[in-house]
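Chemist: One structure is given below, represented as structure tokens, and several questions about it will come after.
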Amino acid sequence: MIKKIVDWFSAENNETRPEISVNLAAAALLVEVMAADSEWHADEENTVRGLLSDTLQLSPAETEELVQAAKQHHDAAHDLFEITKRINEAFSPEKKFQLVKGMWQVAYADGNLDRYEDHIIRRVAELIYVPHNQFIRAKLEAKPE
Numbered sequence: 011m012i013k014k015i016v017d018w019f020s021a022e023n024n025e026t027r028p029e030i031s032v033n034l035a036a037a038a039l040l041v042e043v044m045a046a047d048s049e050w051h052a053d054e055e056n057t058v059r060g061l062l063s064d065t066l067q068l069s070p071a072e073t074e075e076l077v078q079a080a081k082q083h084h085d086a087a088h089d090l091f092e093i094t095k096r097i098n099e100a101f102s103p104e105k106k107f108q109l110v111k112g113m114w115q116v117a118y119a120d121g122n123l124d125r126y127e128d129h130i131i132r133r134v135a136e137l138i139y140v141p142h143n144q145f146i147r148a149k150l151e152a153k154p155e
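So, in structure tokens, the structure goes:
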């Protein structure tokens, strides 16, 4: 009986969505910060676009396509583990730091650091194994003067 239950869950897990790209995973985490406080501010969205465009050297059309895909992923996602797993597979510690710093930049973009934004960044940093001192460094470097 237990084997049947385990087999059923295993079969269900094998029917997961196709693996997401690293770029989409990074964009999705930036969108998660933007959506954390339930208010989608233009300043935050522009910051997401700027970060993606500069970091990935994308054209405006490619940037817009990636942002829209990240928004769709946000609407369909159930947890952060799929995204953070992809980041852990592909990103170096320095790229992870840059991602967390970018998340802070998105959070600060509207001039108001919300507790939900802080929470999501803290949770992602833990899931992608960014040490606490690097988490704080990213926050301080991203904070506007």
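Using my numbering, the letters of the sequence shown correspond one by one to residues 11 to 155. Backbone N, C-alpha and C fix where the C-beta goes; we use that ideal spot for every residue, glycine too. Being a predicted model, the structure only gives us computed values, none of them experimental.
So, is TYR118 buried or exposed, given that buried needs 16 or more other C-beta atoms within 10 angstroms?
Modeler: For the purposes of this step, residue 118 is identified with residue 108 of the sequence shown, where counting begins at 1. Counting Cβ neighbours within 10 Å, TYR118 comes out buried, since at least 16 surround it.
Chemist: Decide if LYS106 is buried, meaning its Cβ has at least 16 other Cβ atoms within 10 Å, or exposed.
Modeler: To locate residue 106, count along the sequence shown from 1; it is residue 96. Residue burial is scored here from C-beta neighbours: LYS106 has at least 16 other C-beta atoms within 10 angstroms and is therefore classed as buried.
Chemist: What three-state label does DSSP hand TRP50 in the structure shown?
Modeler: In the sequence shown, residue 50 corresponds to position 40, counting from 1. DSSP places TRP50 in coil when its eight states are reduced to three.
Chemist: Using a Cβ-Cβ cut-off of 6 Å (strictly less than) and excluding sequence neighbours within five positions of ALA100, which residues of its own chain qualify?
Modeler: Locating residue 100 in the sequence shown gives position 90, where the first residue counts as 1. If we look at ALA100 and ignore the five residues flanking it on each side, its Cβ neighbours are VAL32.
Chemist: Take GLU54 as the anchor and find which of GLU136, LEU150, GLN115, TYR126 has the nearest alpha-carbon.
Modeler: What you label residue 54 is simply residue 44 of the sequence shown in a count that begins at 1. Minimum Cα distance to GLU54 is reached at GLN115.
Chemist: Along the alpha helix (DSSP H) that carries LEU76, what are the first and last residues, could you check?
Modeler: Taking the sequence shown and counting its residues from 1, the one referred to as residue 76 is at position 66. Per DSSP, LEU76 belongs to the alpha helix (DSSP H) from 70-86.
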